[in-house]
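In the order they appear, the protein sequences are chains A and B.
Take 1 as the starting number for the first sequence in the numbering used here and just add one per residue.
Take 145 as the starting number for the second sequence in the numbering used here and just add one per residue.
All C-beta atoms in this analysis are idealised placements derived from N, C-alpha and C, irrespective of residue type, glycine included.
2 protein chains.
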Amino acid sequence: MKIRPIGIIHSPFKSKEDTPIQPPRSQATGKIEIFREYEEGLDDVDGFSHLILIYWFHKSQGYSLKVKPFLDTQLRGLFATRAPRRPNQIGLSVVRLLERKENILYVRGIDVIDGTPLLDIKPYVPEFEPEEEIKIGWLEGKIR
Amino acid sequence: MKIRPIGIIHSPFKSKEDTPIQPPRSQATGKIEIFREYEEGLDDVDGFSHLILIYWFHKSQGYSLKVKPFLDTQLRGLFATRAPRRPNQIGLSVVRLLERKENILYVRGIDVIDGTPLLDIKPYVPEFEPEEEIKIGWLEGKIR
């Protein structure tokens, strides 16, 4: 199964060390450039306040099944974290859409390294998210 | 960029026609089989009530930049929809985790076809989702 970039995420962050760990912690604005061949697919996105970006962690190589998350002091199972070194290096962030101009989306809350290859964009729809009580495992007490 | 399945999603839905359109509309339970080589990465997931599944729409081929969504009567830009025929056929669903047994996750709210290749699992964390007021574009009035 092959994937190909549909665009490039431009952000103020030049390295992993600069990069905030998740969008709500970031007020950074970024520019998402969609390649011209896919531009028509952006119609109607400007009705949505938030978009889900799916991208490739291009600065990571290989993976570890146990990782020590930034917010923790002990090793955790990879799939209980959002660490980038994964069997498929797919990342996911919800950002606020500020404006669309042709093939460019201006967004806020960006948390990826400049130059990150974009794989997909989906509309963020709260009604598609769970409504029940949510438990957040090892993160409890660390971000709440 | 190459991706590889890390497991298989087993669901009661044998065809697209059977399949509910998004997890909150589904009470279906499913079984997610993670290949044994990745099993260790599942440690700590059972602390989370909800998981994000990232998978491959294996029954789709090609893509369209304009699609008529199930919930609408007019054509919309692909990236303003969750239609499967995308340049990268990556799908995304949030499900409720019922139980983990070794390399198997039992989940509720499954909305994919049986046999769907799994690419990644991430913990669902409400604090990583937007808190502001959300606008949902063409879906307004259709699901709210």
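- For L78(A), there is no enclosing beta strand (DSSP E), as DSSP marks it with neither H nor E.
- DSSP lists K31(A) and E99(A) as the beta-bridge partner residues of Y106(A).
- When the Cα atoms are used, R180(B) and N247(B) turn out to be separated by approximately 6 angstroms.
- Taking a Cβ-Cβ cut-off of 8 angstroms, the neighbours of G137(A) in chain B comprise D188, V189, D190, G191, F192 and P267, given in sequence order.
- Contact annotation: S93(A) and K279(B) have beta-carbon atoms that are not nearer than 7 angstroms.
- About 7 angstroms separates the CB atoms of A80(A) and G191(B); that is less than 8 angstroms, so the two are in contact.
- If you check the CB distance, G30(A) and S11(A) come in under 7 angstroms.
- For Y199(B), the uninterrupted beta strand (DSSP E) segment begins and ends at H194 to W200.
- Among the CB atoms of chain B, one or more fall inside 7 angstroms of the CB of I6(A).
- Rounded to whole angstroms, K245(B) and G151(B) show a C-alpha spacing of 14 angstroms.
- Look at N247(B): its C-beta is not under 7 angstroms from any C-beta on chain A.
- Secondary structure of L263(B) (DSSP, three-state): strand.
- A distance of 7 angstroms or more separates the beta carbons of P164(B) and F201(B).
- Around the beta-carbon of S26(A), 16 or more other beta-carbon atoms lie within 10 Å, marking it buried.
- Q89(A) sits buried, since 16 or more C-beta atoms from the chains shown fall within 10 Å of its C-beta.
- From the listed residues L119(A), I143(A), L42(A) and R4(A), the smallest Cα separation to V269(B) is found for I143(A).
- Residue-level contact check: R230(B) touches chain A, since one or more beta carbons of chain A fall below 7 angstroms from its beta carbon.
- Partner residues in the beta bridge of I152(B), as assigned by DSSP, are E177(B) and P261(B).
- The beta-carbon distance between L65(A) and G185(B), rounded to whole angstroms, is 4 angstroms. This is short enough to meet the 8 angstroms contact definition.
- If you draw a 10 Å sphere on the C-beta of G235(B), you find 16 or more other C-beta atoms in it, and that means buried.
- When 9 angstroms is used as the limit between beta carbons, R96(A) is near these residues of chain B: P274 and E276, in chain order.
- Residue-level contact check: L118(A) does not touch chain B, since none of the beta carbons of chain B fall below 7 angstroms from its beta carbon.
- At a cut-off of 7 angstroms between beta-carbon atoms, L65(A) makes contact with chain B.
- Measuring C-alpha to C-alpha distances from P5(A) to each of L53(A), A28(A), G141(A) and D18(A) identifies L53(A) as the nearest.
- Around the beta-carbon of T260(B), 16 or more other beta-carbon atoms lie within 10 Å, marking it buried.
- Against chain A, a Cβ distance below 7 angstroms from Y182(B) picks out L65 and P87.
- Within chain B, no C-beta atom comes less than 8 angstroms from the C-beta of E33(A); the nearest is roughly 13 angstroms away.
- When DSSP reads this structure, S237(B) sits in a beta bridge with L197(B).
- By the neighbour-count definition (other C-beta atoms within 10 Å, threshold 16), K16(A) is an exposed residue.
- Ranked by Cα distance from G206(B), the first of I254(B), F214(B), L242(B) and R230(B) is R230(B).
- C-alpha of E277(B) to C-alpha of V189(B): approximately 30 angstroms in a straight line.
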